[in-house]
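A.B. asks:
In the working numbering, the protein residues as written are 1 to 204.
1) Is the CB of residue 101 under 8 angstroms away from at least one CB in chain C?
2) Would the segment 121-139 count as touching the segment 158-177 if we require 3 or more Cβ pairs under 8 angstroms?
3) Just tell me which of 184, 188, 87 has its CA closest to the CA of residue 53.
4) Which two residues bound the contiguous alpha helix (DSSP H) that contains residue 123?
5) Would residue 117 pass as a contact of residue 73 if the rule is Cβ separation under 8 angstroms?
6) Name the DSSP bridge partner or partners of residue 171?
7) Is it buried or exposed for residue 114, if we count other Cβ within 10 angstroms and need 16 for buried?
8) When the Cα of residue 193 is compared with those of 181, 68, 89, 129, which residue comes out closest?
9) Expressed to the nearest angstrom, what Euclidean distance is found between the alpha-carbon atoms of residue 203 and residue 56?
10) Just grab the DSSP bridge partners of residue 201 for me.
11) Excluding sequence positions up to five away, which residues of its chain have a Cβ less than 6 angstroms from the Cβ of residue 136?
12) Under three-state DSSP, which class holds residue 81?
13) What three-state label does DSSP hand residue 191 in the structure shown?
14) DSSP on residue 139, reduced to helix/strand/coil?
15) Starting from residue 163, follow its DSSP beta bridges and name the residues at the other end.
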């Protein structure tokens, strides 16, 4: 886990902390965004004939909420667009550089989240299993910003606490940080330890 500090004017008197969780191909999957642990390729159990690869713009099968407060809820995720950011985006984000693991650049993922049935769910509970897989085989969860916001061009931070009820949808943009020099190869939706992740390859 890496901790980032957002540089803000002294008059503001607040720091924005951002945590970037960078996963390894063979480590376990954390269900909560911001939890310790990282993502697995999860090649374990699952129906061999189950469709797990989709095109950007295709909607996932209905997913069941993993949250106790909305355990009866179902929702879908539709990644629609992936765009690589630049070093300038990183420089202008307001995040303090932390190059212990090497320089990072952002990747922006646009998705549509749709609540299908059951108890209303927060946006942050519906997109917290999204992962970016790089062409270097690295898997990374979304950037988390506490006590403030990182600023990205054309990618406003989603209102993670906003609730959606049955039939409601929201289009959001999520920022990920990956090692500079690598590219986004796919968007993944992890599904715990026993199911293979769903994957939306990114055309190069």
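By construction, the Cβ of each residue, glycine as well, lies at the ideal position given by its N, Cα and C atoms.
C.D. replies: Concretely, from the data shown:
1) Of the protein chains in the structure, only one exists, and it is not chain C.
2) yes
3) For the purposes of this step, residue 53 is taken as the residue at position 53 of the chain shown. With distances taken between Cα atoms, residue 53 lies closest to 188.
4) The count along the chain shown starts at 1 and reaches residue 123 at position 123. Taken as a continuous stretch (DSSP letters only), the alpha helix (DSSP H) holding residue 123 covers 123-126.
5) Locating residue 117 in the chain shown gives position 117, counting from the first residue. Locating residue 73 in the chain shown gives position 73, counting from the first residue. Yes, these two residues count as a Cβ contact at 8 angstroms.
6) Looking up residue 171 in the chain shown gives position 171. Bridge partners of residue 171: 112.
7) As a position in the chain shown, residue 114 is number 114, starting the count at 1. It is buried - the Cβ of residue 114 has at least 16 other Cβ atoms within 10 Å.
8) For this step, residue 193 is matched to residue 193 along the chain shown. Checked all of 181, 68, 89, 129; the closest Cα to residue 193 is 129.
9) For the purposes of this step, residue 203 is identified with residue 203 of the chain shown, where counting begins at 1. For the purposes of this step, residue 56 is identified with residue 56 of the chain shown, where counting begins at 1. If you take the alpha carbons of residue 203 and residue 56, they lie about 9 angstroms apart.
10) For the purposes of this step, residue 201 is identified with residue 201 of the chain shown, where counting begins at 1. According to DSSP, residue 201 bridges with 186.
11) For this step, residue 136 is matched to residue 136 along the chain shown. Closer than 6 angstroms at the Cβ level, and outside the excluded window around residue 136, lie 182.
12) Counting from one through the chain shown, the residue named residue 81 turns up at place 81. Strand, per DSSP.
13) If you number the chain shown from 1, residue 191 lands on position 191. The answer is coil: DSSP assigns residue 191 none of H, G, I, E or B.
14) Taking the chain shown and counting its residues from 1, the one referred to as residue 139 is at position 139. Strand, per DSSP.
15) Against the chain shown, residue 163 aligns to sequence position 163. 122, per the DSSP bridge assignment.
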